[in-house]
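J.: Following this message is one structure expressed as structure tokens.
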Amino acid sequence: MAEITCSACKKRVANMKGTTRFLCPKCGKTEMIRCGHCREIVAKYKCHECGFEGPN
């Protein structure tokens with residue numbers, strides 16, 4: 010089983026408060042995972058399928 014990590018900082022997010030998971034807003038193929046800290050500091054993430062970068 011693969012570890013679930015934040016798309017921005019790459020830290021393990023299992024059972025971490027404030028974590029969210031969603032599909033890439035552009036292609037809808039890649040699951041983006043964001044830890045609470047990266048959401049709070051508005052850290053950039055990138056879809057490895059289509060190259061979309063967020064947050065905007």
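Using my numbering, you'd call the opening residue of the sequence shown number 10 and step up by one each time. Beta carbons are placed, not taken as given, at the ideal position from N, Cα and C, and that holds for glycine. Since the structure is predicted, the reported quantities are computational estimates derived from the model, not experimental observations.
Can you tell me whether K53 sits near the ligand PLP, meaning its C-beta is under 7 Å from at least one heavy atom of the ligand?
T.: As far as ligands go, the structure on display features none, and thus does not contain the ligand PLP.
J.: Tell me the DSSP secondary structure of I42 in three-state form.
T.: Reading the sequence shown from its first residue, position 33 is the one you call residue 42. The answer is strand: DSSP assigns I42 an E or B state.
J.: Roughly how many angstroms lie between the CA atoms of H57 and T39, to the nearest whole one?
T.: Indexing the sequence shown from 1 puts residue 57 at position 48. Indexing the sequence shown from 1 puts residue 39 at position 30. Using only the alpha carbons, I get a separation of about 8 Å.
J.: Distance, Cα to Cα, G37 vs A52?
T.: Residue 37 sits at position 28 when you count from the first residue of the sequence shown. Residue 52 sits at position 43 when you count from the first residue of the sequence shown. Approximately 20 Å, taken between the alpha carbons.
J.: If you drop the 5 nearest sequence neighbours on each side, which residues of the same chain put their C-beta closer than 7 Å to that of K26?
T.: Taking the sequence shown and counting its residues from 1, the one referred to as residue 26 is at position 17. Contacts found: G45.
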